[in-house]
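Residue numbers (the numbering used here): 17 to 281.
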Ligand code: SF4
């Protein structure tokens with residue numbers, strides 16, 4: 017743990033004392049995905065894919081705008097659908113001086129691919145899993161067994177999970193408890209409604225968690241953060257989530273400014 021703290025000290029300092037430099041970049045490598053999660057709009061978009069030369073040039077330009085130890089998150093769609101392309105992108109981003117995160121639903125992840133990603137310079141691997149058992153991404157067992165390999169190659173293992181109106185707080189706590197007991201980090205997100213022209217969410221309003229649901233989950237997460245350190249969100253974000261969610265007359269969400277929302281929200 018101490019070694020990890022030292023390796024990521026600049027990134028941690030940037031999170032505690034933020035300035036105007038970029039600290040976090042989301043990079044959509046490609047939009048194709050093998051799944052079709054109800055709240056996700058990414059695979060429905062048809063967007064061109066950059067050549068390696070273009071990507072290297074743009075990554076370097078973005079890097080010049082960043083702080084000392086910025087993070088880049090390489091996302092899809094599902095980036096493991098093109099494993100060689102993913103390894104190449106990780107290597108380029110690491111060479112440009114980013115701490116590199118990859119987000120995958122685990123579809124194409126194998127111990128061999130994780131090893132290749134580690135050698136290419138990957139720092140964090142986030143596998144997205146839903147805590148609701150009836151959804152497409154509900155295979156926590158597979159994700160945790162892959163993460164045994166992740167840790168072996170010095171990559172930080174993370175489970176990303178989205179809280180929706182279908183999430184039951186007791187199931188969520190059981191799910192997150194299993195992640196923590198396996199020594200993995202958990203990164204919770206609250207499902208957001210569709211934003212016109214937005215790139216990510218296609219969730220209907222009735223998928224957004226209620227304020228009551230979030231209030232049943234967030235204090236528990238804050239306590240786990242204090243006692244285990246395995247919750248990736250900072251306390252500021254947890255507080256924002258505590259004050260978010262749908263109530264009888266409005267939907268209040270953290271990353272969706274009111275001028276982006278549809279009128280009915
Ligand atoms: S949330 Fe992830 S796994 Fe689900 S459709 Fe979107 S990109 Fe695919």
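Don't be surprised by glycine CBs; every beta carbon is placed ideally from N, CA and C.
Legend entry - Check: residue 144 C-beta below 7 Å from any heavy atom of the ligand SF4: yes
Inset, instruction - Could you tell me whether any non-hydrogen atom of the ligand SF4 is closer than 7 Å to the CB of residue 121? - result: yes
Legend entry - Beta-bridge partners of residue 175, as assigned by DSSP: 143 and 202
Legend entry - Environment of residue 143 [buried if 16+ CB atoms lie within 10 Å]: buried
Inset, instruction - Put residue 79 into one of helix, strand or coil per three-state DSSP. - result: helix
Legend entry - Any non-hydrogen atom of the ligand SF4 within 7 Å of residue 210 CB: no
Legend entry - Backbone CA spacing between residue 237 and residue 256 [nearest angstrom]: 13 Å
Inset, instruction - Put residue 116 into one of helix, strand or coil per three-state DSSP. - result: strand
Legend entry - Inter-stretch contact at 8 Å, needing at least 3 Cβ pairs: the segment 84-103 / the segment 129-138: yes
Inset, instruction - Tell me whether the beta-carbon of residue 72 lies closer than 8 Å to the beta-carbon of residue 50. - result: no
Legend entry - Segment contact, 8 Å Cβ cut-off, at least three pairs: the segment 195-214 with the segment 169-180: yes
Legend entry - CB contact flag (residue 127, residue 165, <8 Å): yes
Legend entry - Three-state secondary structure (DSSP) of residue 281: Because the pLDDT at residue 281 is just 47, under 50, the model does not fix this residue reliably, and the point stays unresolved.
Inset, instruction - Compute the Euclidean distance between the alpha carbons of residue 56 and residue 230, then round it to the nearest angstrom. - result: 20 Å
Inset, instruction - Determine the extent of the alpha helix (DSSP H) in which residue 111 is found, giving its start and end residues. - result: 99-111
Inset, instruction - Just grab the DSSP bridge partners of residue 11 for me. - result: Only positions 17 to 281 of the chain appear in this structure, which leaves residue 11 out of reach.
Inset, instruction - Drop a sphere of 10 angstroms on the beta-carbon of residue 280, count the other beta-carbons inside from all chains shown, and report buried for 16 or more, exposed for fewer. - result: At residue 280 the pLDDT is 49, less than 50, meaning the model places this residue with poor confidence; the figure from the coordinates comes in the next sentence. Classification for residue 280: exposed.
Inset, instruction - Check residue 193 in the structure and name its three-state DSSP category. - result: helix
Inset, instruction - Compute the minimum distance between the beta carbon of residue 59 and the heavy atoms of the ligand SF4, and state whether it is under 7 Å. - result: yes
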